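> Can you read through this structure? Questions will come right after.
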C-alpha cells in the first residue's frame, strides 16, 4: 500500500510551535586524552556519552557492550567487498515482516502483561552533556599545518607498496589501472610539505599538470607518505582526479583541503565524472591508519564506486592482513563547513576514532550521505545537512560504532531513513536533530541497545517517526513525532534468520525495551505509539493529542490491549506507566 504524504501547511506551523522553548544543552568540558583513548597527537579525545540504563525493570539484560563476534572474519569480509553489497550494510534490507516473525508474534501475543503505576520522577534523567564544538573550527584546523618540512615528489611503481595492496586484489583492479595508465601501475609519492603547485613543478605534465591558473589535473594516484603533508588550499579552484587515467588520492600522513574544490574528472568529456553505474571506476580519497584528514570550507564531488575503500571520502584503518605490518594508530580527522555531492558515499570510515563531522552539507550522494562503519568510536556528527540521498539513508552509523554523538543535524528527503543507528552500535546519543520527509522512518534503531534519543523532531516521514527494532535499554526523551505515515514511535522484534545476514558477524536478539518520557506524538497515521512484545515499556508525560484517526487515540501492539488503563494513568492520574510481562518484576520506586 502506497503511503501518502500528510504534512500540510498547518502541520509545519504546529511543528514550529511544538519546538518553541526546547532547550539546547551543548556545553561540556573536554575529557582528557588519556582517559578514553588516542586522538591526533595535539588533540584530546572526544568525550564519551553516558547513556543510563532503563531504571524501571528488574531482571532485564543490560547490554552495555557487544555480543561476541568473529572480528577477524568480519574485518576481512568487510575489506574484500563493498560492505553494503555483501552483508547488506544496514538493517533496512531485512525490514519487511517475515512469516516466521508474524507466527512468533501471534504466539507471543498470548503472553499476559500487567500495567504498573509508578511515580514519574523515577523515570527522569538529566539532559545529556553534549560535547563542546568550540575547538572544532577552520582556524584551529589551519593552525595544525606544518610547513617547515621541505617537500618533494617522485613517481615510481606501486607493486611493492603495501598501502596499494587493497586496490590490487582478485577483482582485477590492478589490470584496470594498468590499462588506464598504459604501463605498469605507478603513483606520485609526496614527501614533506607540498601543494599542487609544488607537485606541478616537479612531476612531468603527463602525470600532473596545471591546466590553467588554479586548475590542476592528476593523471596518476597520489600517495601522501607518513609524516608528509599535502595542502590543497584556496589558491586551487579545481583539483581534478582523472577518471580516464585511474587517478585517486591516498593519505598516509596529513591531508588538508582548505577552501578548494576536489572532484573526479572525465578528461575525454571535459566534464565532471558524474555517477553512472556503481561498478564503474571513479576516483576517490582514502586516508589510512595513522593519518589525519582536514577538509575545511571546500567542495568534494564526483568520487567513488562500489569497490573496497573506494567509496568517495574514506577514513579507514588498514585491513587485518596489513595492519600488523603497518603498526599504525587509528586514523582521525575533521570535516568542517564543506559540501559533498554525487559521491558513492558522502563519507565513510572504518575503525576511525575522534572524527568530527561538523557543519557540512551532504546532498545528492548515491548510497549514503554520512556512513561511519565498523568499530569507529567517539565520533561527533553535528550541525550537518544530509538530503536527497539516492539509495539509502542520510546519516547512518553501523556495526559497533560506539560512544558517539549525532546532534543538531537536518536529514530530509532521503530515499530511506533520516538517521539510523545499526548493528550493535552501543552507547550513542541522538539529540536535537530534525528529520523530515524521508521515504522510510525519521529515526531508525536496529539491533543497537543503550541509545539515548533526546529532543528530536521527526515529521512527515512516510513510515514511522522513530522505530526501534531488537534493541533494549532505549531512552526516548522529549521527542516530537508529528504527521508521520505510520506510528509516532514504534518498537518491535524481528527474527533475522534467513535474511542473508551473517549472524556470526552481526548477532541479534529478539528483545525490545524502552522508556518514553515527555515530547509530543501528534497526528501520526496509525498510532501515537505501538510496541510488540516488549521486555518493558515505560511511559510518562507524553502528549498524544490531535490524533489523525477520527476515532481518536488508538494504540497498536500490546498497548492496544491495555489502552484504557494506560490512558487513565497517563492523562488523568498524571503518573507513569510500566507495561511488563506478568511474570517479570518491577524495580521502579512507587
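Numbering (full-length UniProt numbering), first residue to last: 1 to 590.
Virtual Cβ for every residue (Gly too), placed ideally from N, Cα, C.
In this text the structure is predicted, and so the values were computed from the model without any measurement.
1. Please list, in chain order, all residues of the same chain as residue 152 whose beta carbon is under 7 Å from its beta carbon, the five residues on each side excluded.
2. I need the DSSP call for residue 251, collapsed to helix, strand or coil.
3. Could you spell out where the alpha helix (DSSP H) holding residue 180 opens and where it closes?
4. What does DSSP give as the partner residue(s) for residue 482 in the beta ladder?
5. Quick one: Cα of residue 560 to Cα of residue 497, how far?
6. Drop a sphere of 10 angstroms on the beta-carbon of residue 29, count the other beta-carbons inside from all chains shown, and report buried for 16 or more, exposed for fewer.
7. Suppose the cutoff is 7 Å on Cβ atoms and the five residues either side in sequence are ignored; what does the same chain contact list for residue 326 look like?
8. Quick one: what's residue 371 bridged to in DSSP?
9. Residues in its own chain within less than 7 Å of residue 323 by CB, not counting five upstream and five downstream?
10. For residue 155, which option in 222, 227 and 353 has the closest C-alpha, if you only look at C-alpha atoms?
11. Any idea what DSSP makes of residue 388, helix, strand or coil?
12. Use the C-beta contact count for residue 279: other C-beta atoms within 10 angstroms, 16 or more gives buried, fewer gives exposed.
13. When the Cα atoms are used, what is the spatial distance from residue 188 to residue 422?
14. Which partner residues of residue 153 appear in the DSSP bridge assignment?
15. Per the DSSP calculation, residue 540 is bridged to which residue(s)?
16. Along the alpha helix (DSSP H) that carries residue 488, what are the first and last residues, could you check?
17. Exposed or buried, what is residue 456 when buried is set at 16 or more other beta-carbons lying within 10 Å of its beta-carbon?
18. Could you name the residues of the same chain whose beta carbon sits closer than 6 Å to that of residue 440, not counting the 5 residues immediately before and after it, in chain order?
19. Under 7 Å Cβ to Cβ from residue 509, same chain only, skipping five residues before and after it: list those, please.
20. According to the Cβ coordinates, are residue 138 and residue 381 closer than 7 Å?
21. Measure the alpha-carbon distance for residue 368 versus residue 347 and round it to whole angstroms.
22. Leaving aside the five residues before and after residue 311 along the sequence, list all residues of the same chain whose C-beta is less than 6 Å from its C-beta, in chain order.
23. Based on the DSSP secondary-structure assignment, which residues constitute the bridge partners of residue 241?
24. Tell me the residue span of the beta strand (DSSP E) that contains residue 120.
25. Straight-line CA distance for residue 283 to residue 430?
26. If you draw a straight line from the C-alpha of residue 576 to the C-alpha of residue 515, how long is it?
27. Measuring from the CB of residue 152, is there a heavy atom of the ligand ZN at a distance below 6 Å?
28. Report the three-state DSSP secondary structure of residue 25 (helix, strand or coil).
29. Quick check on the burial criterion: 16 or more other C-beta atoms within 10 angstroms. Buried or exposed for residue 314?
30. Compare the beta carbon distance of residue 48 and residue 354 with 7 Å and say whether it is the shorter of the two.
31. Residue 578 to residue 420, Cα distance in whole Å?
32. Can you tell me which of the three DSSP states residue 209 falls into?
33. Cβ of residue 373 within 7 Å of Cβ of residue 399?
34. Please report the distance separating the alpha-carbon of residue 565 from that of residue 555.
35. If we count the other Cβ atoms within 10 Å of its Cβ and call it buried at 16 or more, is residue 179 buried or exposed?
36. Based on DSSP bridge pairs, tell me the residues matched to residue 446.
A quick look at the data gives this:
1. Counting from one through the chain shown, the residue named residue 152 turns up at place 152. Excluding positions up to five away in sequence, the list reads 191, 192 and 202.
2. Along the chain shown, one-based indexing puts residue 251 at 251. It is a strand residue.
3. As a working note, residue 180 is residue 180 in the chain shown. Unbroken alpha helix (DSSP H) run through residue 180: 173-181.
4. Here residue 482 refers to the residue found at position 482 when the chain shown is read from its first residue. Here residue 482 is bridged, per DSSP, to 459 and 522.
5. Here residue 560 is taken as the residue at index 560 of the chain shown, counted from 1. Here residue 497 is taken as the residue at index 497 of the chain shown, counted from 1. In this structure, the alpha-carbon of residue 560 lies about 28 Å from that of residue 497.
6. Position 29 of the chain shown, counted from the start, is the residue given in the question as residue 29. Here the model assigns residue 29 a pLDDT of 33, short of 50, so the residue's position is not dependable, and the following value carries that caveat. Exposed, by the Cβ-count rule.
7. One-based indexing of the chain shown puts residue 326 at position 326. When the five nearest sequence neighbours on each side are left out, the beta carbons in the same chain lying within less than 7 Å of the beta carbon of residue 326 are those of 162, 289 and 318, in order along the chain.
8. As a working mapping, residue 371 is identified with position 371 in the chain shown. According to DSSP, which records beta bridges pairwise, residue 371 is partnered with 348.
9. Here residue 323 refers to the residue found at position 323 when the chain shown is read from its first residue. For residue 323, where only same-chain residues beyond five positions count, the Cβ hits under 7 Å are 289 and 317.
10. What you label residue 155 is simply residue 155 of the chain shown in a count that begins at 1. Comparing Cα positions, the closest option is 222.
11. The sequence position of residue 388 within the chain shown is 388, counting from 1. The answer is coil: DSSP assigns residue 388 none of H, G, I, E or B.
12. Here residue 279 refers to the residue found at position 279 of the chain shown. Result: exposed.
13. Taking the first residue of the chain shown as 1, we reach residue 188 at position 188. Taking the first residue of the chain shown as 1, we reach residue 422 at position 422. Roughly 38 Å between the two C-alpha positions.
14. Position 153 of the chain shown, counted from the first residue, corresponds to residue 153. DSSP, once it has assigned bridges, lists 190 as partnering residue 153.
15. Within the chain shown, residue 540 is the residue found at index 540, counting from 1. 517.
16. Taking the chain shown and counting its residues from 1, the one referred to as residue 488 is at position 488. No alpha helix (DSSP H) contains residue 488, which is instead part of the beta strand (DSSP E) from 487-492.
17. What you label residue 456 is simply residue 456 of the chain shown in a count that begins at 1. Flag for residue 456 reads buried.
18. The sequence position of residue 440 within the chain shown is 440, counting from 1. Here the set comprises 416, 417 and 463.
19. Numbered from its first residue, the chain shown carries residue 509 at position 509. The answer, listed in chain order, is 470.
20. Taking the chain shown and counting its residues from 1, the one referred to as residue 138 is at position 138. Taking the chain shown and counting its residues from 1, the one referred to as residue 381 is at position 381. Cβ distance not < 7 Å, so residue 138 and residue 381 don't count as in contact.
21. Within the chain shown, residue 368 is the residue found at index 368, counting from 1. Within the chain shown, residue 347 is the residue found at index 347, counting from 1. The alpha-carbon atoms of residue 368 and residue 347 are separated by roughly 8 Å.
22. As a first step, residue 311 is located in the chain shown; it is residue number 311 there, counting from the start. Around residue 311: 304, 344, 345 and 348.
23. As a position in the chain shown, residue 241 is number 241, starting the count at 1. Answer is 218 and 264, bridged to residue 241.
24. Looking up residue 120 in the chain shown gives position 120. Unbroken run through residue 120: none, as it is neither H nor E.
25. Looking up residue 283 in the chain shown gives position 283. Looking up residue 430 in the chain shown gives position 430. Each residue's alpha carbon lies about 33 Å from the other.
26. Along the chain shown, one-based indexing puts residue 576 at 576. Along the chain shown, one-based indexing puts residue 515 at 515. Computed Cα separation, rounded: 10 Å.
27. In the structure on display, the ligand ZN does not appear, and there are no ligands present to speak of.
28. What you label residue 25 is simply residue 25 of the chain shown in a count that begins at 1. Any answer about residue 25 is weak, because its pLDDT of 37 lies below 50 and its placement is not dependable; what the coordinates show is given next. It is coil, neither helix nor strand.
29. As a working mapping, residue 314 is identified with position 314 in the chain shown. The residue in question, residue 314, is buried, as its Cβ has 16 or more Cβ neighbours within 10 Å.
30. Looking up residue 48 in the chain shown gives position 48. Looking up residue 354 in the chain shown gives position 354. For residue 48 and residue 354, no; Cβs fall outside 7 Å.
31. Counting from 1 along the chain shown, the entry for residue 578 is found at position 578. Counting from 1 along the chain shown, the entry for residue 420 is found at position 420. Whole-angstrom Cα-Cα distance: 27 Å.
32. Your numbering for residue 209 matches position 209 in the chain shown. Residue 209 falls in the strand class under three-state DSSP.
33. To locate residue 373, count along the chain shown from 1; it is residue 373. To locate residue 399, count along the chain shown from 1; it is residue 399. Yes, they are a contact pair.
34. By 1-based counting over the chain shown, the position of residue 565 is 565. By 1-based counting over the chain shown, the position of residue 555 is 555. If you take the alpha carbons of residue 565 and residue 555, they lie about 12 Å apart.
35. Counting from one through the chain shown, the residue named residue 179 turns up at place 179. Classification of residue 179: exposed, given that the 10 Å Cβ count is below 16.
36. Counting from 1 along the chain shown, the entry for residue 446 is found at position 446. 422 and 469.
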